[in-house]
Amino acid sequence: MKRILFALLLSLIAPLSMSAQRATLYTLGSYNGGTNNVAATATNSPTTAIISVEEFDRVGVTVSAKPLSTSTGTVVFKFADSVDGTNYETTPSHTVTLTLSGTSTTTQTAQFDTFGTAGLQLVSIGSTNAMAVTNLTVSVRLKAPKRRIETR
4 MKRILFALLL
14 SLIAPLSMSA
24 QRATLYTLGS
34 YNGGTNNVAA
44 TATNSPTTAI
54 ISVEEFDRVG
64 VTVSAKPLST
74 STGTVVFKFA
84 DSVDGTNYET
94 TPSHTVTLTL
104 SGTSTTTQTA
114 QFDTFGTAGL
124 QLVSIGSTNA
134 MAVTNLTVSV
144 RLKAPKRRIE
154 TR
């Protein structure tokens, strides 16, 4: 009788433990809101801001920046895909444009399809205005895990 009750209890608990886990938020490279910056009318080209997305069909991306003084220009973040996780697109296929407002930190969110992609890399951050920006943050949340069909 105890074994039957234990089996019933286990069958009730098992579906709860197998539910999808919450996606983790990742910060790309050193872009975590510190004193990193982009000079006025300049473009930074990061080389280490890479994340593996091979197990996911979509990613959510959030970028933020703060102008050093009053500004209403834009900051353009460009992301490139890779099929093998090593060689990335020469012309990035994803862009997030952040429109600055005064001296406040501004945030913009976007979603990218990453179906068939192994890696996503932040390849450039460009300030189009005559004001430098600082406190850059680039975060990625992996979403919608790919479904695997196993045949035996």
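Going left to right, the sequence shown walks through residues 4 to 155 as our numbering numbers them.
Glycine included, each C-beta is placed from N, C-alpha and C at the ideal position.
From this set, the options, which residue's C-alpha is nearest residue i's C-alpha?
i           : options             : result
residue 103 : 47, 31, 70 and 28   : 70
residue 139 : 130, 114 and 28     : 130
residue 126 : 99, 76, 119 and 117 : 99
residue 57  : 112, 117 and 75     : 117
residue 29  : 60, 109, 43 and 65  : 65
residue 47  : 87, 75 and 81       : 81
residue 49  : 32, 43 and 62       : 32
residue 55  : 27, 35 and 68       : 27
residue 110 : 83, 93, 85 and 67   : 67
residue 73  : 142, 132 and 143    : 132
residue 136 : 63, 60, 62 and 77   : 77
On the criterion of 16 or more Cβ atoms from any shown chain inside 10 Å, does residue i qualify as buried, or is it exposed?
i           : result
residue 90  : exposed
residue 45  : exposed
residue 124 : buried
residue 35  : exposed
residue 19  : Reliability fails at residue 19, whose pLDDT of 40 lies under 50, so the model's placement of it is uncertain and the value that follows must be treated cautiously. Answer is exposed; the Cβ neighbour count stays below 16.
Who pairs with residue i in a beta bridge, going by DSSP?
i          : result
residue 85 : 91 and 122
residue 55 : 122
Does DSSP put residue i in a helix, in a strand, or in coil?
i           : result
residue 47  : strand
residue 24  : Residue placement at residue 24 cannot be trusted, given a pLDDT of 45 that sits under 50; what the coordinates show is reported in the next sentence. Three-state DSSP puts residue 24 in coil, outside helix and strand.
residue 33  : strand
residue 73  : coil
residue 143 : strand
residue 112 : strand
residue 132 : coil
residue 117 : coil
residue 137 : strand
residue 39  : coil
In the DSSP assignment, the beta strand (DSSP E) including residue i goes from what residue to what residue?
i          : result
residue 64 : 59-70
residue 98 : 97-102
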